[in-house]
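Asks: Residue numbers (our numbering), protein chains in the order written: chain A, 217 to 607; chain B, 500 to 684; chain C, 157 to 399. Glycine is no exception: its CB is placed at the ideal position from the N, C-alpha and C atoms. Pasting a structure below so you can have a look.
Structure, rendered in structure tokens:
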């Protein structure tokens, strides 16, 4: 090891960051399936997916801030961004996605409800809703129609924006020529597809959980559709990762021997066992089973739940293997180091756990503030999400 | 509790009935969007003003960085005076070194950083060196050192005693008897 | 011969005047230094390096380098027979206190000092999100520690492992080519104390610089040329096994 390489630079917080932004991009893509591609079956999850994306997007900068040596200077990235730096440009991609896509789409979709709630609620909630209306109480058919068309356009723009958001995170790693574990043109693409997998899986699990908590019936047609999309995306993601691996093994360039040894020793558990076997092959197999066999609703629900959880673990392991794995070997290809994860420090495990819990708390607040479903609904498939304009 | 649909039904007559169709009312129907654009515009202006106030003045002077940083970094005080400065005063040592192989070695390589001594020669004195340690750093035998470089296994060569017992460090080759006052005031 | 009081009275004023320029607070106060007249580089002569560690110690003292981190360091290579792609390398405490003795075991053994390569197309300055690290007009890559966020992207991007995060300032830190010395007409601390002349500062805009001449007439290499970093630290007599 070069003497300065022994200590790892990017900790578990930087593992968390692509995981969280991945969930954002994936949840949004699922939402856009309904809006743009008119996949009616997944409509019950539309608003939930958007709120999930927002909850995670709000938390996404936190691991970065906690990791910085000088978080108080972080605004410099917006004041004097270095245009050749992927990290600096990402600051603007994030801002665009938060403001121009996600918040705008949620606002347009919820606007009618917000206006109504601003007049029916009392107390501090009333103030919150009134601020959200921006002072306009117009909910005429025409204004809502304009909202609908604008929302469609934003979702249309939002899909490539979501790809850009997480693809950019992939590019932040993939553009580092100094690190052969990261440097690859496939990196942004692999990141995007694994993001979609984790996002779809997260919304699926959240939908199952929230419907259970509300003591309602799960819409199986919706759930089956989501699981189907999860499977397709997963297969593409797995193929891309295997392609990268096979090419590396075949070409066996200067770095290969060192990386190969690292995977066989330091990364064996997290990469081969957790990411590939438990986190990718098993969920794909389980989901494939539901497509091939005729299984009962309960069996399918259980499989989806299991597959979903394994998927989340697998994608987290993938982020771990990329970020931590990329720092475990020396750039001389002649040595290795270990990651000593702290527990209760600013960049420790406890902080990481807290940061993973936080989005769910925010989501709970958002769901209370902007309900993605109606209390009066009890039967599935009756359009339990508010209709979009003309449907 | 009334659902949203019921609320809309109650308010619908009030809210939607007020605005009829027609071009004159287009403005009313996109009023919320205009308000949104106004909020964004205000935020942008605030950002531009903030930026002008906060970004350091020398930023961009030579490139995408704070130009004043160059001066700040260059103004760090030095710790090593440099052999030219030592030689300005200690000319007797210079004459001594000229006779031997150590002429190429800077004074502070062995004597450590002495800019403070140059600043105040009277009160800041260089530390007395332990030659057993200082000389061994270069001359202890090691297979990776160039073969033509003088090196010894000190355990065999001297048994660990101070090198200046026999060698005069400024003129290391043992040719004449060592004199005591060389190099010192 | 002793330094008599009379000699001191003669010598001291001259030394004091010269010293004033050395201690000058800014490049402007050393009026002869113009940024555009220099393009700094370094030559490392491998066959001359004896691994004494003087450079590592001097650098640490000159620049207050935190314990356990290195702005420069020395690696000891052992290349067995023809196995040029599989050398054995060690760097105990960066070579700060020299190296433990090794018996001659056949095969090549040599020392390689390393430092920031002051790259002309440096990947580290490319990735800095705010412009806290940069290359000066005279060719030295520096870090503005009052602007650095401590994001560590530059440390990841450096192919040579020469950067680290200072535990004192929580900003990125690395070899500055003793910028505060070379702008005052001194040489770097490491070059000053190197006993064999294995490390030499070079000014590539100075045609009369003997090191510049050396580079023109000898076979030299840079580390990791395939990275195309425009490295300005040149190695004479470097074996192909050096990583």
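1. Just mark residue 616 of chain B as buried or exposed, buried being the case when its beta carbon has 16 or more other beta carbons within 10 Å.
2. Taking beta-carbon pairs under 7 Å, can you tell me which members of the segment 226 to 246 of chain C lie near chain B?
3. Here's a check: name, in chain order, each residue in its chain whose Cβ is nearer than 8 Å to the Cβ of residue 557 of chain A, leaving out the five neighbours to either side.
4. Check whether the segment 217 to 229 of chain C and the segment 585 to 597 of chain B touch, using three or more Cβ-Cβ pairs below 8 Å as the test.
5. Less than 6 Å between C-beta atoms, sequence neighbours within five positions excluded: which residues of the same chain meet that for residue 297 of chain A?
6. Is it buried or exposed for residue 667 of chain B, if we count other Cβ within 10 angstroms and need 16 for buried?
7. Short of 6 Å in beta carbon distance, which residues of its chain neighbour residue 245 of chain C, apart from the five on each side in sequence? Order them along the chain.
8. Considering only their Cβ atoms, is the gap separating residue 237 of chain A from residue 385 of chain A smaller than 7 Å?
9. Could you tell me which of C/207, C/282, C/196, C/338 sits nearest to residue 267 of chain C, measuring between CA atoms?
10. Give the secondary structure of residue 232 of chain C by DSSP, where H, G and I count as helix, E and B as strand, and everything else as coil.
11. Is there contact here, the segment 250 to 265 of chain A with the segment 422 to 442 of chain A, by at least three beta-carbon pairs under 8 Å?
12. Run through chain A and tell me which residues come within less than 8 Å of residue 529 of chain B, C-beta to C-beta.
13. Relative to the C-alpha of residue 431 of chain A, which residue among A/221, A/352, A/256, A/589 is closest?
14. Just how far apart, CA to CA, sit residue 679 of chain B and residue 669 of chain B?
15. Per DSSP, what kind of secondary structure is residue 394 of chain C in: helix, strand or coil?
16. Taking Cβ positions only, does residue 354 of chain A come closer than 7 Å to chain B?
17. Hey, does residue 285 of chain A have any beta-carbon neighbour from chain C nearer than 7 Å?
18. If you draw a straight line from the alpha carbon of residue 331 of chain C to that of residue 320 of chain C, how long is it in whole angstroms?
19. Between the segment 600 to 617 of chain B and the segment 368 to 378 of chain C, can you find at least three pairs of beta-carbon atoms closer than 8 Å?
20. Can you tell me where the beta strand (DSSP E) with residue 197 of chain C in it begins and where it stops?
21. If contacts are defined as beta-carbon pairs under 8 Å, then residue 261 of chain C and residue 392 of chain C qualify, I think. What distance do you get, rounded to the angstrom?
22. Answer yes or no: do residue 266 of chain A and residue 241 of chain A have a C-beta to C-beta separation smaller than 7 Å?
23. Since residue 661 of chain B and residue 619 of chain B should fall inside the 8 Å C-beta cutoff, what is the C-beta to C-beta distance between them, to a whole number of angstroms?
24. Measure the C-alpha to C-alpha separation of residue 358 of chain A and residue 415 of chain A and round it to an integer number of angstroms.
25. Looking at C-alpha atoms only, which residue of B/549, B/579, B/671, B/622 is the closest neighbour of residue 605 of chain B?
26. DSSP on residue 264 of chain A, reduced to helix/strand/coil?
27. Start and end of the alpha helix (DSSP H) containing residue 232 of chain A?
28. Strictly under 7 Å for the Cβ-Cβ distance: is residue 314 of chain A near chain C by that measure?
29. Identify, in the order they occur along the chain, each residue of the same chain with its Cβ nearer than 8 Å to the Cβ of residue 302 of chain A, setting aside the five sequence neighbours on each side.
30. So what's residue 520 of chain B in DSSP terms, helix, strand or just coil?
31. Identify the continuous alpha helix (DSSP H) that holds residue 312 of chain C and give its terminal residues.
32. I think residue 327 of chain C touches residue 285 of chain A, with their Cβ atoms under 8 Å apart; what is that distance to the nearest whole Å?
33. So, are the CB atoms of residue 530 of chain B and residue 354 of chain A less than 7 Å apart?
34. Quick check on DSSP: helix, strand or coil for residue 355 of chain C?
35. According to DSSP, is residue 244 of chain C part of a helix, a strand, or is it coil?
36. Just the chain B side, please: which residues come within less than 9 Å of residue 567 of chain A by C-beta, in chain order?
Replies: According to the data block:
1. Mapped onto the second chain, residue 616 of chain B falls at position 117. By the neighbour-count criterion, in which 16 or more other beta carbons inside 10 Å mark a residue as buried, residue 616 of chain B falls on the buried side.
2. Answer set for the segment 226 to 246 of chain C: 232.
3. Here the question's residue 557 of chain A lines up with position 341 in the first chain. Excluding its 5 nearest sequence neighbours in each direction, residue 557 of chain A has C-beta neighbours in its own chain below 8 Å: 227, 228, 564, 565, listed in chain order.
4. They do not touch, by the three-pair rule.
5. Residue mapping note: residue 297 of chain A aligns to position 81 of the first chain, counting from 1. For residue 297 of chain A, where only same-chain residues beyond five positions count, the Cβ hits under 6 Å are 304.
6. Within the second chain, residue 667 of chain B is the residue found at index 168, counting from 1. So residue 667 of chain B ends up on the buried side.
7. Along the third chain, one-based indexing puts residue 245 of chain C at 89. Around residue 245 of chain C: 231, 233.
8. Counting from 1 along the first chain, the entry for residue 385 of chain A is found at position 169. Counting from 1 along the first chain, the entry for residue 237 of chain A is found at position 21. Yes. Within cutoff.
9. Locating residue 267 of chain C in the third chain gives position 111, counting from the first residue. For residue 267 of chain C, the closest of C/207, C/282, C/196, C/338 by C-alpha to C-alpha distance is C/207.
10. Position 76 of the third chain, counted from the start, is the residue given in the question as residue 232 of chain C. Note: residue 232 of chain C maps to strand in three-state DSSP.
11. The segment 250 to 265 of chain A is in contact with the segment 422 to 442 of chain A.
12. The residue you call residue 529 of chain B lines up with position 30 of the second chain. For residue 529 of chain B, the neighbours in chain A by C-beta distance under 8 Å run, in chain order, 359, 362.
13. By 1-based counting over the first chain, the position of residue 431 of chain A is 215. In terms of CA proximity to residue 431 of chain A, A/589 leads the group A/221, A/352, A/256, A/589.
14. For this step, residue 679 of chain B is matched to residue 180 along the second chain. For this step, residue 669 of chain B is matched to residue 170 along the second chain. Unreliable placement is indicated for residue 679 of chain B, whose pLDDT of 48 sits below 50; the coordinate value is still reported in the next sentence. Whole-angstrom Cα-Cα distance: 12 Å.
15. Along the third chain, read from residue 1 onward, the residue named residue 394 of chain C stands at position 238. If DSSP states are grouped into helix, strand and coil, residue 394 of chain C belongs with coil.
16. Position 138 of the first chain holds residue 354 of chain A. Yes, residue 354 of chain A counts as interfacial toward chain B.
17. Here residue 285 of chain A is taken as the residue at index 69 of the first chain, counted from 1. So yes, residue 285 of chain A belongs to the interface.
18. Position 175 of the third chain holds residue 331 of chain C. Position 164 of the third chain holds residue 320 of chain C. Linking residue 331 of chain C to residue 320 of chain C through their CA atoms gives a straight-line distance of about 10 Å.
19. As far as the Cβ criterion goes, the segment 368 to 378 of chain C does not touch the segment 600 to 617 of chain B, which means the pair count is below three.
20. Position 41 of the third chain, counted from the first residue, corresponds to residue 197 of chain C. Start and end: 196 to 201.
21. Here residue 261 of chain C refers to the residue found at position 105 of the third chain. Here residue 392 of chain C refers to the residue found at position 236 of the third chain. Not confirmed; about 25 Å, so no contact.
22. As a first step, residue 266 of chain A must be located in the first chain, where it is residue number 50. As a first step, residue 241 of chain A must be located in the first chain, where it is residue number 25. Their beta carbons are not under 7 Å apart, which means residue 266 of chain A does not touch residue 241 of chain A by this criterion.
23. Translated into positions along the second chain, residue 661 of chain B becomes position 162. Translated into positions along the second chain, residue 619 of chain B becomes position 120. Contact between residue 661 of chain B and residue 619 of chain B does not hold, since their C-beta atoms are separated by about 29 Å, which reaches or exceeds 8 Å.
24. Counted from its first residue, the first chain places residue 358 of chain A at position 142. Counted from its first residue, the first chain places residue 415 of chain A at position 199. The straight-line gap separating the alpha-carbon atoms of residue 358 of chain A and residue 415 of chain A is approximately 34 Å.
25. Residue mapping note: residue 605 of chain B aligns to position 106 of the second chain, counting from 1. The residue with the shortest Cα to Cα distance from residue 605 of chain B is B/579.
26. Residue numbering aside, residue 264 of chain A sits at position 48 when the first chain is read from its first letter. Three-state DSSP puts residue 264 of chain A in a helix.
27. In the first chain, counting from the first residue as 1, residue 232 of chain A sits at position 16. It spans 228 to 251 - the alpha helix (DSSP H) in which residue 232 of chain A sits, taken as one unbroken run.
28. What you label residue 314 of chain A is simply residue 98 of the first chain in a count that begins at 1. For residue 314 of chain A, the answer is no, since every Cβ of chain C falls outside 7 Å of its Cβ.
29. If you number the first chain from 1, residue 302 of chain A lands on position 86. Hits under 8 Å: 384, 387, 388, 391.
30. Here residue 520 of chain B corresponds to residue number 21 of the second chain, with the count starting at 1. Because the pLDDT at residue 520 of chain B is just 49, under 50, the model does not fix this residue reliably, and the point stays unresolved.
31. If you number the third chain from 1, residue 312 of chain C lands on position 156. Its alpha helix (DSSP H) spans residues 309 to 313.
32. The count along the third chain starts at 1 and reaches residue 327 of chain C at position 171. The count along the first chain starts at 1 and reaches residue 285 of chain A at position 69. Indeed, because the Cβ distance is near 6 Å, the residues count as touching under 8 Å.
33. Here the question's residue 530 of chain B lines up with position 31 in the second chain. Here the question's residue 354 of chain A lines up with position 138 in the first chain. A contact, by the Cβ cut-off of 7 Å.
34. As a position in the third chain, residue 355 of chain C is number 199, starting the count at 1. Correct three-state label for residue 355 of chain C: strand.
35. Here residue 244 of chain C refers to the residue found at position 88 of the third chain. For residue 244 of chain C, the three-state secondary structure derived from DSSP is strand.
36. Here the question's residue 567 of chain A lines up with position 351 in the first chain. At a C-beta separation below 9 Å, residue 567 of chain A has no neighbours in chain B, since its nearest C-beta there lies roughly 29 Å away.
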